[in-house]
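Read through the structure below, which is laid out as structure tokens, and then see the notes.
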Amino acid sequence: MDCGFEKEDGWFRYRAAAIIIENGQVLFAKNEVDDYYYSVGGGVHLGEKAEDAVRREVFEETGVEYEIERLVFIHENFFHGTGSLEGLKCHEIAFYFLMKPRGSQELNSNSYSLGGREYMHWLPIEKLRDYLAFPSFFAEKLTCISDTVEHIVTYESI
């Protein structure tokens, strides 16, 4: 069971997500329903450490076991829901982990989400601003990743 809840017109989730970079490109997911890209990752299960959740989610979505390099961002994201979250005021707390590169962009993905079949996409970091991709702060922050953990708060709109 994911750590999260829905109450009245609000939705909350605790998420663990990955930053997977190979050859100047970062891995994003996209499903058959939504018109935007999103980071690889998902809900942390009750009683699960964020580190274990990100490894599990990355494997589920990519079919590849990646190792964690380190925690890079703690992200508080406030947004208005769309799709299955339509009409909800959403609040998500996500831990973003930089994964160790493998030297290959080859994946074995067969992932599905609430939005249907998921596809993995390698997007060039230098051109992230050209894509509707979330979290949007990746476009700036991935060009020069800090040595310290950064706390980022965003108010996103899709």
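Under full-length UniProt numbering, residue 158 is the last one in the sequence shown; the count climbs by one each step, no gaps.
Even for Gly, the Cβ is constructed at its ideal location relative to N, Cα and C.
Keep in mind the model is a prediction, meaning the values are calculated, not measured.
Could you check where the beta strand (DSSP E) with residue i kicks off and where it finishes?
i, result
"F78", "68 to 80"
Just to check my reading of the structure: residue i and residue j have Cβ atoms closer than 8 Å, yes? What is that Cβ distance to the nearest angstrom?
i, j, result
"E32", "G116", "4 Å"
"S39", "A53", "The pair is not a contact, with the Cβ atoms about 13 Å apart (cut-off 8 Å)."
"L142", "V26", "6 Å"
"K100", "D9", "At roughly 41 Å, the Cβ-Cβ gap does not stay under 8 Å, so K100 and D9 are not in contact."
Does DSSP put residue i in a helix, a strand or coil?
i, result
"S39", "strand"
"T148", "coil"
"S113", "strand"
"K141", "helix"
Under 8 Å between the Cβ atoms of residue i and residue j?
i, j, result
"L128", "Y36", "no"
"H75", "I21", "no"
"W11", "G83", "no"
Start and end of the alpha helix (DSSP H) containing residue i?
i, result
"V44", "Counting along the chain, V44 falls outside any alpha helix (DSSP H), and DSSP gives it neither H nor E."
"F12", "Segment 10 to 19 is the beta strand (DSSP E) holding F12; no alpha helix (DSSP H) there."
"R129", "Taken as a continuous stretch (DSSP letters only), R129 belongs to no alpha helix (DSSP H), as it is neither H nor E."
"R55", "50 to 62"
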